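Undergrad: Under my numbering, the first residue of the sequence shown is numbered 16, with each subsequent residue one higher. We treat Cβ as the ideally placed atom computed from N, Cα and C, and that holds for glycine. From a predicted model like this one, the values you see are computed outputs, not experimental measurements.
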Amino acid sequence: MLVLLPPSEGKAPSGRGAPLKPESLSLPGLADARAAVLDELVELCAADEDKARAVLGLSEGLRGEVAKNAELRTAGARPAGEIYTGVLYDALDLASLDAAAKRRAARSLLVFSGLWGAVGVTDRIPSYRCSMGVKLPGLGALGAYWRGPMADVLPAAAGDGLVLDLRSAAYASAWKPKGEVAGRTATVRVLHAQVVDGVERRSVVSHFNKATKGRIVRALLAAGISPGSPAELVVALRDLGYVVEAEAPSRAGRAWGLDVVVREIH
16 MLVLLPPSEG KAPSGRGAPL KPESLSLPGL ADARAAVLDE LVELCAADED
66 KARAVLGLSE GLRGEVAKNA ELRTAGARPA GEIYTGVLYD ALDLASLDAA
116 AKRRAARSLL VFSGLWGAVG VTDRIPSYRC SMGVKLPGLG ALGAYWRGPM
166 ADVLPAAAGD GLVLDLRSAA YASAWKPKGE VAGRTATVRV LHAQVVDGVE
216 RRSVVSHFNK ATKGRIVRAL LAAGISPGSP AELVVALRDL GYVVEAEAPS
266 RAGRAWGLDV VVREIH
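Laid out in structure tokens, this is it:
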């Protein structure tokens, strides 16, 4: 099973660890593309703070993020699973998993990134600010920039098992599974169901959507469950107590769509 996650907008501090070693990151086939983004981002942020802030879409209150980006090559690095914070990662709570579940996380989780393309949760990276929606002056829109390198690398990384795609739309733009890989890919939407005047109404609640996705991944890792297909994932999630409605693709080369229906928000 390969699980595709979005990053978090906010990130934990880099800390005082050894600096980034690009050659140590997962998916070495992305090395040249990563180097190009890193070079342009560092140069942009070191040269013109106001321009960098505009390009990155940062408010005045986030001006310090520009200086942080300018020092990416020398900043301390920590495992990506510690750098990424926020609702999904709080619910996933990698640090509290047992040793076996942590090993499963290291093998199966990939976090998409405007800067790195995608990294494993044990890859050591510095804290940074560069979303997939950024358009760098030299390289252009990062979502489009990453499509070629990702298409070269991700099909092999997906292996022959389930691809569980939990990315947001911006990060999904960097790689869309195709062909037989798409046929064993499942996307998940979390719906909050409420009964209003005797009628059930469903809605997507962003905060709750992220938290539930984090809990789903945690539950699979903790239980040692690694479904081999979208159909097996549906069975596994139902066994874990989730209400799941599944939609098989109408034709080959399309991903499965799964709705996880929850009635309590927490």
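Using DSSP with H/G/I as helix, E/B as strand and the rest coil, what is D180?
TA: Three-state result, D180: strand.
Undergrad: Count the other CB atoms, across all protein chains shown, that sit within 10 Å of the CB of T89; report buried if there are 16 or more and exposed otherwise.
TA: Burial call: exposed.
Undergrad: Tell me the rounded alpha-carbon separation between V52 and E75.
TA: For V52 and E75, the distance between alpha carbons rounds to 24 Å.
Undergrad: Across which residues does DSSP place L103 in a beta bridge pair?
TA: According to DSSP, L103 bridges with nothing at all.
Undergrad: Is DSSP giving S218 helix, strand or coil here?
TA: In the structure shown, S218 sits in a strand (DSSP, three-state: E or B).
Undergrad: Since Y99 and G229 should fall inside the 8 Å C-beta cutoff, what is the C-beta to C-beta distance between them, to a whole number of angstroms?
TA: Y99 to G229, Cβ: 11 Å. No contact.
Undergrad: Look up P94 in the DSSP assignment and give the residues it is bridged to.
TA: Beta-bridge pairing links P94 to R139.
Undergrad: Per DSSP, what are the beta-bridge partners of L59 in this structure?
TA: None; L59 has no bridge partner.
Undergrad: Under three-state DSSP, which class holds G229?
TA: If DSSP states are grouped into helix, strand and coil, G229 belongs with the helices.
Undergrad: What first and last residue would you give for the alpha helix (DSSP H) that runs through D167?
TA: First-last of the alpha helix (DSSP H) with D167: 162-173.
Undergrad: If you run the structure through DSSP and keep just helix, strand and coil, what is E195?
TA: Of the three classes helix, strand and coil, the one that applies to E195 here is helix, per DSSP.
Undergrad: Below 6 Å CB to CB, which residues in the same chain sit around T137 once its five sequence neighbours on both sides are set aside?
TA: Excluding residues within five positions, the ones whose Cβ falls inside 6 Å are P94, A121.
Undergrad: Reducing DSSP to helix, strand and coil, say where D274 ends up.
TA: DSSP places D274 in strand when its eight states are reduced to three.
Undergrad: So, A115 versus L35, is the Cβ gap smaller than 9 Å?
TA: No, Cβ-Cβ distance for A115 and L35 is not below 9 Å.
Undergrad: Would DSSP call V250 helix, strand or coil?
TA: Here V250 sits in helix by DSSP.
Undergrad: Expressed to the nearest angstrom, what Euclidean distance is found between the alpha-carbon atoms of G198 and R31?
TA: Using only the alpha carbons, I get a separation of about 43 Å.
Undergrad: Sorted by chain position, which residues of the same chain lie with C-beta nearer than 8 Å to D167's C-beta, five sequence neighbours on each side aside?
TA: For D167, where only same-chain residues beyond five positions count, the Cβ hits under 8 Å are G44.
Undergrad: For the pair the segment 156-165 and the segment 129-147, tell me if three or more CB-CB distances fall below 8 Å.
TA: Contact between the segment 156-165 and the segment 129-147 is present, because at least three Cβ pairs lie under 8 Å.
Undergrad: Buried or exposed: G129, going by 16 or more other Cβ atoms within 10 Å of its Cβ?
TA: It counts as buried.
Undergrad: Apart from the five residues on each side of it in sequence, which residues of its chain come closer than 6 Å, Cβ to Cβ, to A185?
TA: Around A185: M147, G148.
Undergrad: Run through DSSP, which three-state label would A201 get?
TA: Residue state, collapsed to three classes: strand.
Undergrad: Which residue from D65, E279, A50, R78 puts its Cα closest to that of R144?
TA: Among D65, E279, A50, R78, the Cα nearest to that of R144 is on R78.
Undergrad: Quick check on this structure: which residue in V196, G239, P141, R182 has the alpha carbon closest to the alpha carbon of P37?
TA: Nearest of V196, G239, P141, R182 to P37, Cα basis: P141.
Undergrad: Look at the alpha carbon of N224 and the alpha carbon of A82, and state the distance between them as a whole number of angstroms.
TA: Answer to the nearest angstrom: the Cα atoms are 32 Å apart.
Undergrad: With distance defined between alpha-carbon atoms, name the residue in A48, A187, S41 nearest to A171.
TA: Ranking A48, A187, S41 by Cα distance to A171 puts S41 first.
Undergrad: Does DSSP put G243 in a helix, a strand or coil?
TA: Coil, per DSSP.
Undergrad: Can you grab the Cα-Cα spacing for the pair G194 / R266, in whole Å?
TA: So the two alpha carbons sit approximately 11 Å from each other.
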